[in-house]
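> First residue of the sequence shown? That's 108 in the working numbering, and the numbers climb one at a time after it.
C-beta atoms are modelled at their ideal positions from N, C-alpha and C, and glycine is treated no differently.
This is the structure I have questions about; it appears just below.
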Amino acid sequence: MAGTIRSIRDLPIEGRRTFIRVDFNVPIEDGKVTDTSRVDATLATIQHALDRGAKVVLASHAGRPKGKRKPEYSLEPVGAILAAKLKCEVLLTDDCISDAASKVIADLRERQVALLENLRFHPGEEANDEAFARELAKLADVYVNDAFGAAHRAHASVSALPKLMRERGIGLLMEQEISALERMRTADTHPFVAVLGGAKVSDKIGVLEVLLDRVDALLIGGAMANTFLAAQGLQLGKSLVEHDKLALARSLMQRAKDKKVKLLLPVDLVVAPGLDAPEGRVVPSNDVPEDQMALDIGPKTAELFAATILSAKALFWNGPLGLFEKKPFSEGTMAIARAGAECAGFTVVGGGDSVAAVNQAGLASKYDHVSTGGGASLEYLEGRQMPGIEAVRS
Ligand code: ADP
Ligand code: MG
């Protein structure tokens with residue numbers, strides 16, 4: 108991994124066409140953006156470029172239009188939000204590469220902002236196609252990647268394109284993401300506590316293995332905990348259990364023991380007959396009725412986890428502790444969100460749903476770092492090389 112990575116601060120952007128790859132892949136319902144946090148997260152980078160007199164060219168993907176032009180995946184609603192937030196005009200091009208787009212960019216003046224239409228309207232984006240990247244390169248003098256959430260994908264705008272550019276680097280958001288996650292990955296701060304939840308063990312095997320080598324305590328909740336409990340021989344009724352991962356769960360528990368990592372599993376659970384049940388009831392983990400499913404950690408578990416979290420000097424949290432989208436099963440996740448917010452150590456949350464939970468609790472500002480990258484933050488912690496980071500090295 109040779110080569111330094113330059114920050115936008117050190118790139119010659121004054122008066123130049125500065126192509127900023129952003130992550131504007133935001134949720135849109137009925138033509139309205141329902142969560143603007145990804146836009147907010149990159150505003151500082153855009154403002155920095157404008158303040159230095161750059162001609163700003165923004166590019167992003169949105170949704171999965173699969174290489175076709177589909178109006179419902181247009182970035183137009185995001186452009187409107189962005190214009191309001193920046194208090195300036197945002198020129199949306201009809202396409203990311205077209206004669207009209209070239210003209211808009213050629214006419215762009217200093218301190219003006221253009222937003223290219225959805226990159227994924229072209230199959231070349233996801234195919235990491237050179238010819239497509241060369242077309243994008245014609246629109247730019249300087250390349251900046253500020254899309255951490257897309258950095259783990261080898262797509263044209265994050266991989267092939269920067270390699271064609273002499274002046275390339277990263278934005279302020281990307282810098283923050285890398286420094287917070289790098290600190291989590293390498294710092295020798297103890298006690299280091301990790302909380303892992305979410306749907307599946309199989310999604311998180313890599314990060315579980317890496318964390319086991321680093322943490323003092325690993326707290327497991329969510330549907331993922333069911334598989335660990337089942338691996339200990341407990342009956343989980345109708346709960347989601349990955350039966351093909353029981354052996355893996357056993358070997359991870361053995362490794363934790365060998366390494367003297369404190370591995371905590373739920374001691375009580377909130378159970379209900381199904382995902383749409385209006386309420387649940389608390390049972391000990393070894394007493395889940397046959398016709399019920401575990402949908403949240405119970406209050407004793409929440410208390411136990413919270414105490415360990417509060418003692419942490421470094422905390423990494425990924426994955427909700429229950430079906431938090433449904434009110435009757437959100438309490439465990441909210442309790443953990445509050446404990447993390449109160450923790451005096453260095454606290455990082457990563458993962459699309461976990462971040463949504465922290466936002467829902469109104470506690471995002473209490474964390475040292477809330478990662479905008481779901482999959483990307485886990486891959487970074489695992490120490491995997493990421494195409495979007497490798498491609499901007501000089
Ligand atoms: P993140 O996006 O933070 O990485 P995941 O995508 O791995 O998290 O998992 C989040 C999903 O897991 C949520 O939709 C949540 O409802 C679900 N989930 C968590 N615990 C349970 C459970 N006990 N039963 C069913 N679903 C659960
Ligand atoms: Mg998720």
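1. Is the beta carbon of residue 163 less than 8 Å from the beta carbon of residue 145?
2. Can you list the beta strand (DSSP E) stretches of 3 or more residues lying completely in the segment 133-170, in chain order?
3. If we call anything under 8 Å between Cβ atoms a contact, is residue 130 one with residue 479?
4. Of the residues 178, 466, 263 and 256, which one's Cα is nearest the Cα of residue 242?
5. Which same chain residues, not among the five before or five after residue 223, have their C-beta less than 6 Å away from its C-beta?
6. Do you know offhand how far residue 284's Cα is from residue 381's?
7. If you draw a straight line from the C-alpha of residue 390 to the C-alpha of residue 326, how long is it?
8. Return yes when the Cβ of residue 412 is within less than 8 Å of the Cβ of residue 371, no when it is not.
9. In the structure shown, what three-state DSSP assignment does residue 428 receive?
10. For residue 311, count neighbouring Cβ atoms within 10 angstroms of its own Cβ and tell me buried if that reaches 16, exposed if not.
11. Taking DSSP as the reference, what is the three-state secondary structure of residue 255?
12. Is any heavy atom in ligand 2 found nearer than 7 Å to the beta carbon of residue 460?
13. Name the two residues that bound the continuous alpha helix (DSSP H) containing residue 313.
14. Please name the residue, chosen from 301, 122, 297 and 112, that lies closest to residue 447 on a Cα-to-Cα basis.
15. With 16 as the cutoff for other CB atoms within 10 Å, does residue 175 come out buried or exposed?
16. Would you report the Cα separation of residue 493 and residue 269, rounded to the nearest angstrom?
17. Assess, as a yes-or-no matter, whether the segment 232-241 is touched by the segment 178-192 under the definition of 3 or more beta carbon pairs within less than 8 Å.
18. Should residue 384 and residue 435 be called a contact, given that it needs their Cβ atoms to be closer than 8 Å?
19. Count the other C-beta atoms from every protein chain shown that fall within 10 angstroms of the C-beta of residue 111, then say buried if there are 16 or more, exposed otherwise.
20. Using a threshold of 7 Å, is the CB atom of residue 425 nearer than that to any non-hydrogen atom of ligand 1?
21. If contacts are defined as beta-carbon pairs under 8 Å, then residue 392 and residue 376 qualify, I think. What distance do you get, rounded to the angstrom?
22. Counting only the same chain and skipping the five closest in sequence on each side, list residues whose C-beta sits under 6 Å from that of residue 211.
23. Quick check on DSSP: helix, strand or coil for residue 368?
24. Round the Cβ separation of residue 399 and residue 344 to the nearest angstrom and send it over; I've been treating them as touching at under 8 Å.
25. By Cβ distance, which residues of its chain are closer than 6 Å to residue 324, with the 5 residues on each side in sequence left out?
26. Below 8 Å on the Cβ atoms is my guess for residue 444 versus residue 465; work out the distance and round it to an integer in Å.
27. Apart from the five residues on each side of it in sequence, which residues of its chain come closer than 6 Å, Cβ to Cβ, to residue 250?
28. Which residues mark the beginning and the end of the beta strand (DSSP E) in which residue 326 is found?
29. Answer yes or no: the CB of residue 481 versus the heavy atoms of ligand 3, is any distance below 7 Å?
30. Could you tell me which of 193, 153, 473 and 246 sits nearest to residue 116, measuring between CA atoms?
31. Could you tell me if the beta carbon of residue 306 falls within a distance shorter than 7 Å of some heavy atom in ligand 1?
32. Cβ of residue 395 within 8 Å of Cβ of residue 342?
33. In three-state terms, what does DSSP make of residue 209?
34. According to DSSP, simplified to helix, strand and coil, what is residue 274?
35. So what does DSSP say about residue 412, is it helix, strand or coil?
36. Determine whether the beta carbon atoms of residue 296 and residue 421 lie at a separation below 8 Å.
Working from what's here:
1. no
2. 162-166
3. yes
4. 263
5. 166, 200 and 203
6. 38 Å
7. 19 Å
8. yes
9. coil
10. buried
11. helix
12. yes
13. 312-319
14. 301
15. exposed
16. 14 Å
17. no
18. yes
19. exposed
20. yes
21. 6 Å
22. 198, 200 and 221
23. coil
24. 5 Å
25. 300, 369 and 415
26. 5 Å
27. 126, 269, 272 and 275
28. 324-327
29. Inclusion of ligand 3 in the displayed structure is not the case, the ligand content consisting of ligand 1 and ligand 2 alone.
30. 153
31. yes
32. yes
33. helix
34. strand
35. helix
36. yes
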